[in-house]
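Novice: Got a structure for you, questions after.
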Amino acid sequence: MPFAHITGWGISVPEPVLTNEDISKMVDTNDEWIRDHTGIRERHIAREDQFPSTLAVEASIKALQVANLAPTELDLIIVTSSSPEYIFPATACLVQDQIGATKAGAFDLLAACSGFIYSTNMAAQAIRSGSIKNALVIGTETLSRFTNWKDRNTCILFGDGAGAFVLQASDVPGGVISAVMHSDGSGADSLTLLGGGARHPATEATVHEGKHFIQMDGKAVFRFATRVMGQAIKEALELAGSSLNEVQWIIPHQANYRIIETAAKYIKTPLDKFIINIERYGNTSTASIPIATVEAIQKGQVKSGDKIVFVGFGAGLTWGAMVVDWTGPIPAKKHVHPEQYRAFARLRSFVRRAIRLIEGFFSRKEL
Ligand SMILES: CC(C)(COP(=O)(O)OP(=O)(O)OC[C@H]1O[C@@H](n2cnc3c(N)ncnc32)[C@H](O)[C@@H]1OP(=O)(O)O)[C@@H](O)C(=O)NCCC(=O)NCCS
């Protein structure tokens, strides 16, 4: 059975920064309150011309560069997002087209902030089964578009960004070792975005009622998150046959500094074993785990040979954890330039659209 290694990684974070100070000009809050209650100091907000697919493509190209893998070699693309570009088509298909992943299957996976763990596990299982060799997993968010900037309960929390992992099959032991995924839909009401779906299709009334904004029972989510995080870490480690002593880093979903602090106490592990960067990004939902991972790699914290636990939780309710033996890129003699495939992808997309237009024109004549 092949192993599923994480061989590439990349992130894309929009440049514009929104500080707590800036938010205090929009709602009745202040920097001290936000930092004390969440650990957040600032977050990045997508420009008007940036979408989940824009950020996802940038993160993907970087991840493919690290993995030294051409987009044409990808078998599968999974995008996970709490703020997808559309209900359909899947954001993953937009990414597939823009990076030129000519033979990849592509779909979106919705598990809110647990999405990156769910998706990475699904890609790893597909590789472990032997049915595919190369997968791309992307968490991408422009949650700022669904944030009610008049609601101080939620607008202080979220930020935009994207992160991607490349997973590849290898006979060398390592990579994704174990994962647990859980859900409890009885808590569905705790964190929602109700508007625009089949139950509340967009109407003037739904817009008026603010159903297109994130709504949250903060206290309920806080209680849930602190209860499940530690448990999930323990479960995934048990499944991997490992113990916390063997783990170099825990990389949690970055929702609230205090939630991470409470989880650390629960598993009796010092906070310095956790990678925490919520201060500068806020909660970027599905993108928070890869963004924290890539920063930790860039700082020289996460290294080849490390055992890492990823842990996440979110709306659904969903939660999960994953144990990974971190290896890094698979050595290869070839040298590919994934960014060069973008020009080819643009041309290919243009030609296909043109052919579709011509086909449509002639088929109308036939009718
Ligand atoms: C949202 C959250 C930060 C609120 O913190 P909290 O400590 O629970 O705060 P409370 O809701 O108890 O509010 C305490 C007081 O601060 C006020 N308050 C709430 N938001 C505020 C803000 N942004 N600025 C200033 N005061 C605020 C409340 O009105 C309340 O005032 P009151 O005591 O006069 O009624 C916290 O519950 C949380 O982080 N929950 C988890 C959310 C999350 O992670 N969601 C994503 C999951 S993926």
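Per this note's numbering, residue 92 is the first one in the sequence shown, and the count goes up by one each step. We treat Cβ as the ideally placed atom computed from N, Cα and C, and that holds for glycine.
Between the region 158-167 and the region 133-143, do at least 3 Cβ pairs fall closer than 8 angstroms?
Specialist: no
Novice: Tell me whether Trp340 is buried or exposed, calling it buried when 16 or more other Cβ atoms sit within 10 Å of its Cβ.
Specialist: buried
Novice: Within a Cβ cutoff of 6 angstroms, which residues of the same chain sit near Ala406, ignoring the five residues on either side of it in sequence?
Specialist: Ala203, Leu282
Novice: Determine which residues share a DSSP beta bridge with Pro422 and list them.
Specialist: BP columns for Pro422 are empty, so no partner.
Novice: Can the beta-carbon of Val157 be found less than 8 angstroms from the beta-carbon of Pro422?
Specialist: no
Novice: Take the Cβ of Thr317 as the centre, count every other Cβ of all protein chains shown within 10 Å, and call the residue buried at 16 or more, exposed below.
Specialist: Buried: at least 16 other Cβ atoms inside 10 Å.
Novice: What is the DSSP secondary structure of Ser261, counted as helix, strand or coil?
Specialist: strand
Novice: Assuming Ile268 contacts Val414 (C-beta within less than 8 angstroms), just tell me the rounded distance between them.
Specialist: 5 angstroms
Novice: Where DSSP assigns a beta bridge to Lys398, which residues make up the other side?
Specialist: Asp416
Novice: Can you grab the Cα-Cα spacing for the pair Ser333 / Pro292, in whole Å?
Specialist: 47 angstroms
Novice: Would you list, in sequence order, the uninterrupted beta strand (DSSP E) runs of no fewer than 3 residues that lie entirely inside the region 276-362?
Specialist: 340-343
Novice: So the candidates are Trp100, Thr171, Val104; which of them puts its Cα closest to the Cα of Asn159?
Specialist: Answer by Cα proximity: Trp100.
Novice: Among the candidates Met213, Arg349, Pro381, Gly321, whose CA atom is the shortest distance from the CA of Asp199?
Specialist: Met213
Novice: Between the alpha carbons of Gly252 and Glu133, how many angstroms are there, rounded?
Specialist: 13 angstroms
Novice: Do you know how far the Cα of Val319 is from the Cα of Gly347?
Specialist: Strictly speaking, residue 347 in this sequence is Asn, with Gly absent from that position. Distance between the alpha carbons of Asn347 and Val319 is about 14 angstroms.
Novice: Using C-beta distances below 6 angstroms, list every residue in its chain close to Tyr432, excluding the 5 sequence neighbours before and after it, in chain order.
Specialist: Pro162, Gly191
Novice: How would you write the range of the beta strand (DSSP E) that Ile102 sits in, first residue to last?
Specialist: 94-103
Novice: In this structure, how does DSSP classify Phe142 when only helix, strand and coil are distinguished?
Specialist: Coil.
Novice: Confirm, please, whether the CB-CB distance from Val393 to Ala412 is below 8 angstroms.
Specialist: no
Novice: Can you give me the start and stop residues for the beta strand (DSSP E) that Ala202 sits inside?
Specialist: First-last for Ala202: undefined, no H or E at that position.
Novice: For Val170, which beta-bridge partners are listed by DSSP?
Specialist: Asp199, Ile229
Novice: Mapping DSSP to helix, strand and coil, what is Asn464?
Specialist: As displayed, the chain neither begins before 92 nor continues past 458, which places residue 464 out of reach and without an answer.
Novice: Whole-angstrom Cβ separation of Pro429 and Ile152, contact assumed at under 8 angstroms?
Specialist: 5 angstroms
Novice: According to DSSP, is His128 helix, strand or coil?
Specialist: helix
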